[in-house]
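Number of protein chains: 2
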Amino acid sequence: MIYKVEKKINKESGKATERSVMNSITIDCVIFGFNKNGLEVLLVQHGVGIRKGEWGLPGGWIREKESIDNAAKRLLADLTGLNNVYLEQLKAFGKPDRFPLGRVITIGYFALIMRDDYTIQPGFTASDAKWYKINEIPNLIYDHNSILDYSIDCLRNRVRQAPIGFNLLPDKFTLLELMRLYEEILGIEMDKSNFRRKILKMKLLVELNEKQKKVSHRAAKLYEFDQKIYDKLTEKGFNFEI
Amino acid sequence: MIYKVEKKINKESGKATERSVMNSITIDCVIFGFNKNGLEVLLVQHGVGIRKGEWGLPGGWIREKESIDNAAKRLLADLTGLNNVYLEQLKAFGKPDRFPLGRVITIGYFALIMRDDYTIQPGFTASDAKWYKINEIPNLIYDHNSILDYSIDCLRNRVRQAPIGFNLLPDKFTLLELMRLYEEILGIEMDKSNFRRKILKMKLLVELNEKQKKVSHRAAKLYEFDQKIYDKLTEKGFNFEI
DNA sequence: TCAAAAGTGTTCCTGTTACACCCATGC
DNA sequence: GCATGGGTGTAACAGGAACACTTTTGA
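Note that the protein sequences, when read in sequence, are chains A and S. Per my numbering, numbering through the first sequence is continuous, rising by one, with the last residue being 242. Per my numbering, numbering through the second sequence is continuous, rising by one, with the last residue being 242.
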C-alpha cells in the first residue's frame, strides 16, 4: 500500500526513485520577495504529472538523514541559488485528502529573500518559476492556497514582533523604504514622522555615513540592521514591536 | 528498511500492528491544566520498551483517513475522556536523531483543559499519567523537553493575543481568578485594579447574577466568557491583547 | 472586630496620533 | 520654481502604572 503510493508520487513528481527520502511527508515553501511591485511570492509550474502546467508552491522531499529545517534550506538553495536565507516553519498541513494520490502530510515553511539578489534556477520539480503579487495569486494545486493564506497571516504577525522584515530589503536601506515595506505587508498606511521616531528609538539600526544617490529629491540617509545589537537588546528584555 | 523501522517502533510502543496508521509520523501533545497548584502539564509514563518507566508527552499515530487535527483530538479523548478541548498545533519537530529507533517526525500540539473536569483514563500508550508543575519537569524521553519548552513559549504568546486562557478555567470565574491565571502563565505580577479595567473594557465577559459561595471574604461576582461576543467583536476589527 | 479579598477612584506619566512645517535635490 | 520625498517639531489625547482607599463577608 505505502509502496504503491510512493510509486504514484514518484510518477507525479518525476523524482526520488531511491529510498533516500521519507515517504508520506513533504515540504512546501512560501518564498516572499519585495520590490517596487510590492510583496510577491515565488510560485513554480509543475513540469510533469496530471497537474502539469498548474502553479504551486515549491516543495520537495525530506532525506532520511537531514533535519526538516535543513531539507527546507536545501530545497530553497536548489531553487534560488541562495544560501543564507531567512527561513521559518509555519506548521504541518495534514488533511487526509489534501494530496489526491495518497496520504501525504506537508510541512510548510516561509522564506524572506531580497529580490535583487535573486536569479531563478530551474528547480528540479518545476519547469518554470514566477513571482506573483500577493493579491493576484491564481488557483494553486492541492491545498497550496490555504498554506499561502496561512503564511501571509503568519508573516503579518511575525513581522510586527520580530525584526525579520529587514531580510526583504537590501543591507542598506532608508527609513522610508522600511516603512513602505511594513505598509505593504500589513496593508495599512503609516505616518512617516511617527514611524521614524518609533524605529529610531529602539536603537537597533545603525546610521551609515552614506546617502541615496541619483534620486530626484533630497537624498535620504541609509541605515543598516545589526543582528548583534538586537540580540544584546533582547538579552536585556527588549521586545521589538511595531 | 522502512518496514524494519516500523516493527521496532511497534515493539517500543506496544501498538499499531495493523497498517491503518501512517508510519514515520507521530503526534505529541502538551496538555496544560491549571488549578491552585498553578500551571501544570500532563505527562505519561511509558509502560513498555527500552524507555519503560520514563516520562514523556502523550502521543500516538495518525490514522490513514483522519486529519492530523483529528488525530490529536482522538488521542486527547482517549487519554482524558474529554472531547471539546481547546487544541492547537505547535509545529513539526524533525531532527533526524530525535527518535532513537528510526526516522520519525512528530507534530506537536498543545491543549488547554479545565482540571476539575479531568479524570485520568488509562491511555493505551501509558501505564500511568501524572500532572507536573511547569517548573518541575523531569527529564523526558526523546526531544520531549524541547517540545514542552517550545509549547510554553507558544502559550505565553498566544494567551496574550487571543482569549484562549478561559479554557483553563471553569465556565464561571471571578476576575481575580482570571488574573491569577495570567500571572501564572506569563510569570509576572499584575495590578488588580488595572487588570479589571482592561478586561472589562473589552466587553467580552458576561457579568452573571451570581457570586462566589462559602468564601471567607467578600464574595466576588462571577463572569463568563462568550465566544459569540468575541467573534462579533473581531469581525469589527477588535484585537484581544493583554 | 479582624483578616482577606472585592471593588472603586485618582494621579502621574508615557507613548501614540495627527498634524504642520522646513529642507535638499533634480528637472 | 516646483515637484518630490527627507526630515523636524509639537499639541492633544489615550492608555498604562502605581497606589490609596472603601466595601463586604466569614470566622
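C-beta: ideal position from N, C-alpha, C; glycine also.
Three-pair Cβ contact test at 8 Å for the stretch 155 to 173 of chain A versus the stretch 60 to 73 of chain A = no
Counting only the same chain and skipping the five closest in sequence on each side, list residues whose C-beta sits under 8 Å from that of Asn167/A.
-> Val85, Tyr86, Leu112, Ile113, Met114
Using a beta-carbon distance cut-off of less than 8 Å, what residues from the stretch 97 to 108 of chain S approach chain A?
-> Cβ contacts with chain A come from Arg103, Ile105, Ile107.
For Phe173/S, write down the residues that DSSP places opposite it in a beta bridge.
-> Residue pairing from DSSP places Phe173/S in a beta bridge opposite Tyr223/S.
If contact means a Cβ-Cβ distance below 7 Å, which residues of the stretch 75 to 95 of chain S contact chain A?
-> Cβ proximity to chain A below 7 Å picks out Gln89, Lys91, Ala92, Gly94, Lys95 from the stretch 75 to 95 of chain S.
So, are the CB atoms of Leu222/A and Lys236/A less than 8 Å apart?
-> No, these two residues do not count as a Cβ contact at 8 Å.
By a C-beta neighbour count over all protein chains shown, 10 Å radius and 16 as the cutoff for buried, is Pro58/A buried or exposed?
-> buried
Going along chain S, which residues have a C-beta under 7 Å from Lys65/A?
-> Pro96
Do three or more CB pairs link the stretch 226 to 234 of chain A to the stretch 202 to 211 of chain A at distances below 8 Å?
-> yes
Does Ser146/A come within less than 8 Å of chain S when only Cβ atoms are used?
-> no
Residue from Ile188/S, Ile185/S, Glu224/S, Val215/S with nearest C-alpha to Ile199/S | Of the candidates Ile188/S, Ile185/S, Glu224/S, Val215/S, the one whose C-alpha sits nearest the C-alpha of Ile199/S is Glu224/S.
Any chain S beta carbon closer than 8 Å to Asp153/A | no
Of all the residues that make up the stretch 187 to 214 of chain S, which are near chain A by a beta-carbon distance shorter than 8 Å?
-> Taking 8 Å as the Cβ-Cβ cut-off against chain A, none of the residues of the stretch 187 to 214 of chain S qualify.
Span separating the alpha-carbon of Asp28/A from that of Cys29/S = 24 Å
Whole-angstrom distance between His46/A and Ala126/A, CA atom to CA atom | In this prediction, Ala126/A scores a pLDDT of 47, lower than 50, which makes its location untrustworthy; the coordinate-derived value is nonetheless stated afterwards. Approximately 5 Å between the Cα atoms of the pair.
Are the C-beta atoms of Ser24/S and some chain A residue less than 8 Å apart?
-> yes
Please list the partners that Ile68/S has in chain A, where partner means a Cβ-to-Cβ separation under 7 Å.
-> Within chain A, the residues near Ile68/S are Ala92, Gly94, Ile105.
DSSP state of Asn209/A mapped onto helix, strand, coil = strand
Can you round the beta-carbon distance between Leu176/A and Lys192/A to whole angstroms, since I take them to be within the 8 Å contact cut?
-> 7 Å
Own chain, CB closer than 6 Å to Gln89/S, minus 5 neighbours either side, in chain order = Tyr109
Simplified DSSP assignment, three categories, for Gly33/A | Residue state, collapsed to three classes: strand.
Leaving out the 5 sequence neighbours to the left and right, which residues in its chain are closer than 8 Å to Gly38/A when beta-carbon positions are compared?
-> Excluding the 5 residues flanking it on each side, Gly38/A has same chain C-beta neighbours closer than 8 Å at Lys133, Ile134, Glu184, in chain order.
Can you grab the Cα-Cα spacing for the pair Phe34/S / Leu42/S, in whole Å?
-> If I take the Cα positions, the gap works out to 11 Å.
Give me the Cβ distance between Gly165/S and Tyr182/S, rounded to the nearest whole Å; I'm assuming they're in contact under 8 Å.
-> 6 Å
State the beta-bridge partners of Ala129/A as determined by DSSP.
-> Val44/A
Any Cβ of chain A within less than 8 Å of the Cβ of Asn239/S?
-> no
Have a look at Phe240/S, Thr234/S, Thr26/S and flag the residue whose alpha-carbon is nearest the alpha-carbon of Gly102/S.
-> Thr26/S
Quick one: what does DSSP say Asp28/S is sitting in, helix, strand or coil?
-> In the structure shown, the three-state DSSP call for Asp28/S is strand.
Which of helix, strand or coil DSSP assigns to Leu82/A = coil
Who are the near neighbours of Val21/A in its chain, counting only those whose CB is closer than 8 Å to its CB and skipping five residues on each side?
-> Trp61, Ile62, Arg63, Glu64
Per-residue DSSP class, three states only, for Ile134/S | coil
What three-state label does DSSP hand Glu54/A in the structure shown?
-> Residue state, collapsed to three classes: coil.
Could you tell me if Asn239/A is buried or exposed, where buried requires 16 or more neighbouring beta carbons within 10 angstroms of its beta carbon?
-> exposed
Answer with buried or exposed for Glu189/A, where buried requires no fewer than 16 other C-beta atoms within 10 angstroms of its C-beta.
-> By the 10 Å Cβ count, Glu189/A comes out exposed.
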